[in-house]
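Residue numbers (the numbering used here): -14 to 217.
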């Protein structure tokens, strides 16, 4: 027991700057590739009196534009399976775009945090225009945090930014691994709910359970980029 206590006492202050990206989504700027927004075709349509030119054998008269989307990237608008603009000139309504934005943000954060997202609420006036920005509120584990959405271009690409969102399971894992590496002692860290919104200078505690009992770990958030210090 004495050796364990001495070993744990050697962990006075540990700076976790190197692992900051694993702990916090601070100013997360992740490009989310989306497919183009369907718009009405501006090409003149043949009149009813004019014969329609026959299509070449084996060649479809209209093909959807190719779109490359990374597997982990959400898609805002209808994909290749939807009618092409030349066939259906109707554009999506603001409500349908809002729903798609919320759906894709929800999937994006669930994938990146490993936490089930309860809800995403975006403005009803979402417009996929280059330079447009708006804020959505995301709720998970009882924590609600704002997500800034920036539309990159008129094709509907956008990125999201969120400030100071900490995934506490990753902090717990880091504490456990560091203690074991330094002392050889298996411990269990508990920092509370799985998500936490933090800001520079904030302090909070985690509980460390050792074979001999429990100790408190003091965590200090150094900046909004995810660097923290913790000490026993």
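C-beta atoms are modelled at their ideal positions from N, C-alpha and C, and glycine is treated no differently.
Query                                                                                                   : Result
Proximity of residue 213 and residue 194 at Cβ, strictly below 8 angstroms                              : no
Extent of the continuous alpha helix (DSSP H) run through residue 164                                   : 153 to 168
Range of the contiguous beta strand (DSSP E) that encloses residue 121                                  : 118 to 125
Cβ pair residue 131, residue 145 closer than 8 angstroms                                                : no
Rounded C-alpha distance that separates residue 192 from residue 88                                     : 35 angstroms
Test item: CB-CB of residue 215 and residue 202 under 8 angstroms                                       : yes
Where residue 91 falls, given that 16 or more other Cβ within 10 Å makes a residue buried               : buried
Cβ shell of residue 133 (< 6 angstroms), same chain only, five flanking positions each side left out    : 120, 146
Helix, strand or coil at residue 87 [DSSP, three-state]                                                 : helix
Rounded straight-line distance, which links the Cα of residue 123 to that of residue 101                : 11 angstroms
Distance, residue 187 Cα to residue 208 Cα                                                              : 9 angstroms
Segments of 3+ residues assigned as beta strand (DSSP E) that fall wholly inside the stretch 171 to 211 : 173 to 175, 180 to 182, 188 to 195, 198 to 206
Among 129, 117, 168, 159, nearest to residue 149 - alpha-carbon criterion                               : 129
Residues bridged to residue 216 [DSSP beta-bridge criterion]                                            : 203
Proximity to residue 177 [Cα-Cα], best of 82, 139, 115, 151                                             : 151
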